[in-house]
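Here is the structure we will look at.
Protein chains in written order, with the numbering used here: chain P, -5 to 536; chain U, 122 to 686.
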């Protein structure tokens, strides 16, 4: 009896929860539990097309989820990987990753006939939870204890919320030895004084907190952890705070990379992260591309990047993106320079430029302009007004706390998330339409003489995208296109190769192959690779 | 032999006359004129650990790809000091599967240290002051593969993770075969009227290349490569062998992917064996010196591995490397002290690069054995290996050419040098090679920092205040922080602290004669000194109040802990 009651009770609550999800519109970013529940709901609603697995548990105890969207067998179709939360402060990226999955499953399931999706919504679950805690600040690290300033002490100088507003902003200290001044067009913004312009510093500026270890630096060694987007192998920033003791040192990095390295069908990776080569394509530099340690996008890939960027800008209707290049150790650059895949990255959103009108002039400074935009959009809580506090490190000085609130400059108001997600879904669908697609075309057989047949055909890439990026041609992690002539024992290849490997085929291009085959009956020729799609044809020998 | 109880092997002391420099009546008997498999090595290290419980802790630092334990012996005098706080010296061997001697050097070193402790002062002091972390093989799977499976003297180099070398979607589908069943992969040749080789009429083991003006009246041959068949029918023989990745391209300092650095695997420490070593080293910041063993060529190598990384090694550290390396050239006749990128090849992701670049540990790699050993001469004779094999190995290392019917090539002949010559030191020379290499590592280990509190001076300042100056001495070549370490603060500063006294101020004395000091305003009881250089003295000073007695302690990650009493 009791058991039954309990089950009923549970059922009641489950129903209530489902109802509440459906009835109340989400008004703020979802935390890890809510996102995990959303993933589980997708899995139960679309069980034939979804695989949900935890790649690992981080040392902070969070699951790293991998969501596979597929029809048939996941590995049978070329795949796009979508990676969110590479930067824990970009809450949007996690939401977008889940929303894209949901959009595909709900509105575009047919895309799974040709494309598999591997979606990793959040690579920084420990960091992103900071947004939902009492004290909000941009956190990027995992739960690993790190000595960020490498002084032998761990976490000895963290932030303090001096004005008790639950946000870490800035402190400014009136001090002629400081080298900051108030921005003229908006005195709320602090900028570095420029002596070339005759400016003399009036303030010192630090992040909000006290100098706990009295080393003259503020909050330089809090609960830092290893940043996901700083711990990969390309241009790894050795011994920088957040980088880790060596590249790929953390469980979540190894779990993700091990997973990706084993999915031979992946041809493209979309990083939802701070870097943005979809708005500002990478530029080719001949000298850097020639170096042994390649430091520039390769020439063919530059053209490809430009092409993708045009598509992205058109589909998402975005503009004025700030330049955002990789800073070393980041996932996006790894996905291109070290993995060789078609690599795309976008933060998905950035504060639009406030253009001004006849009454209000647009300000030039990026932060001041952002404040104008936020005001025009009627956002709330985007700025903490400067307020004087008593600061133990500056007993006789005027110290104020204030500044732009964390998260607001890099994450849109939640009401915009749905539309942004929809546009990015459309972009992803466009990529899948253009994906490499190997087919066998123009098969001809000629009788040469008794028992000898000449077979000629085209291995064609029907897709707009090349089978391999120029970088991917070099990578051992993209297979070559394999053409295999399956013979029976009575048949023999007289000219041509039984098995041959083609390095790559450009978009809408083909390669002609020919064989002389001795024997009778029929045989099969197969062509393709895991990430290019495959085709086969049956040949009747003449 | 390993199964025989210890008591039977130990001979009566009166029946033995000690040869200088070698343990004459060891507790553990080991033959050093042969090589051991991974299991053989594991059994020996177990015996050494069991025979010397106060000197050896044996533990597995991880599992290999195929699940074997990677055994490590931590050797020190456990009755003196805190073992893992003594300056540590790390030794491993066999990172490349076929480069086997390192495991025997490591084993010999463990045996020599334990059997001579208490008898030879140098060894006793070494184990009182230092700890040795010895991992005979960091590649046990592929060591066994080299010994037991179809291989040449140069294969396999990789570990045992299967990889798709030709990017055709199949893994390790076309490896070598020992077609003639002699235990080695030798060579294939075929009679061919248009071939460019003939058999040497004076020595049927040898083949001679035909020159453009030669008039050939005898049978011509062509070479067909290493023994094997086209397993996958793609028209290529032996093109996708076990591996291929190179465990010595798997280390984290300036790691580069396979298209830049052939042999790299997925990411730094993506092979479980290298990962085990890295995790061990990260947990042991007391390791100040390290040595890895390869073969062959007779080299004492230091970094940088890559030309692009040349600036990582600065003058101060190069001077230390030079002092040890040049000593090594004397101790190891036929070996040359070399810099990897300049004198060998420019390479990323090597073990010695991570040890130095990533951890600030002075590290050498020795390439064991060279052709110098055949006749102890630097004069190169192209036939010396054939002569040596006949003169000194009595023909034990060559398989005579014999006919074989090959599925693709038809009637061929198979023969040639077996896998245990060319790189692996022949048995009768092995013990000397092990000993000399060990002695080189001892010289290196000896020069890890050795700290002491040389003296303490007191001066009354009046007002109940006393100025205490402590002179901290490092009496060996290496500093507590290599310059790479100082550049990146890899290991924390050395702590020099005073306990028991009421400290008013603390400072580092930079010029005693002119009274120049740098005060440490916060926490003056524990002075943070960035480095204690080799063969030098660091001076620190406190102003204390009152007359209580005090203890001064030096606590250095790589230099160990010493206290005044």
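No residue lacks a Cβ here, since even glycine has one placed at the ideal position from N, Cα and C.
Integer-rounded CB distance, given that residue j should sit under 8 Å from residue i
i	j	result
residue 409 of chain U	residue 599 of chain U	6 Å
residue 175 of chain P	residue 193 of chain P	6 Å
residue 523 of chain P	residue 474 of chain P	6 Å
residue 364 of chain P	residue 345 of chain P	5 Å
residue 98 of chain P	residue 130 of chain P	Between residue 130 of chain P and residue 98 of chain P the Cβ distance is about 32 Å, and since that is not below 8 Å, they are no contact.
residue 535 of chain U	residue 328 of chain U	The pair is not a contact, with the Cβ atoms about 13 Å apart (cut-off 8 Å).
Those residues which DSSP pairs with residue i across a bridge
i	result
residue 174 of chain P	P:186 and P:197
residue 214 of chain U	U:414
residue 423 of chain U	U:460
residue 590 of chain U	U:578 and U:662
residue 180 of chain U	U:193
residue 330 of chain U	U:318
residue 627 of chain U	U:663
residue 36 of chain P	Paired residues: none, contrary to the question.
residue 487 of chain P	P:511
residue 494 of chain P	P:477
Exposed unless 16 or more other CB atoms sit within 10 angstroms - verdict on residue i
i	result
residue 201 of chain U	exposed
residue 591 of chain U	buried
residue 379 of chain U	buried
residue 672 of chain U	exposed
residue 190 of chain P	exposed
residue 136 of chain U	exposed
residue 510 of chain U	buried
residue 355 of chain U	buried
residue 544 of chain U	buried
residue 440 of chain U	exposed
residue 133 of chain P	buried
residue 516 of chain P	exposed
residue 292 of chain U	exposed
residue 278 of chain U	buried
residue 669 of chain U	exposed
residue 208 of chain U	buried
residue 360 of chain P	exposed
Residue i (DSSP reduced to helix, strand or coil)
i	result
residue 663 of chain U	strand
residue 536 of chain U	strand
residue 475 of chain U	helix
residue 239 of chain U	coil
residue 550 of chain U	helix
residue 632 of chain U	strand
residue 117 of chain P	coil
residue 24 of chain P	coil
residue 675 of chain U	strand
residue 272 of chain P	coil
residue 144 of chain P	coil
residue 425 of chain P	helix
residue 441 of chain P	strand
residue 681 of chain U	strand
residue 338 of chain P	strand
residue 524 of chain P	coil
Segment limits, alpha helix (DSSP H) that includes residue i
i	result
residue 380 of chain P	Looking at the DSSP string, residue 380 of chain P is not in any alpha helix (DSSP H); the run it does join, the beta strand (DSSP E), is 377 to 383.
residue 364 of chain P	360 to 370
residue 310 of chain P	293 to 310
residue 258 of chain U	That residue, residue 258 of chain U, is in no alpha helix (DSSP H); it is neither H nor E in DSSP.
residue 87 of chain P	85 to 101
residue 464 of chain P	464 to 468
residue 393 of chain U	393 to 404
The ligand ATP heavy atom lying under 7 Å from the CB of residue i
i	result
residue 30 of chain P	Because no ligand of any kind appears in the structure shown, any question about the ligand ATP cannot be addressed here.
Limits of the unbroken beta strand (DSSP E) element including residue i
i	result
residue 309 of chain U	308 to 312
residue 510 of chain P	503 to 512
residue 605 of chain U	Careful: residue 605 of chain U lies outside any beta strand (DSSP E), inside the alpha helix (DSSP H) at 604 to 609.
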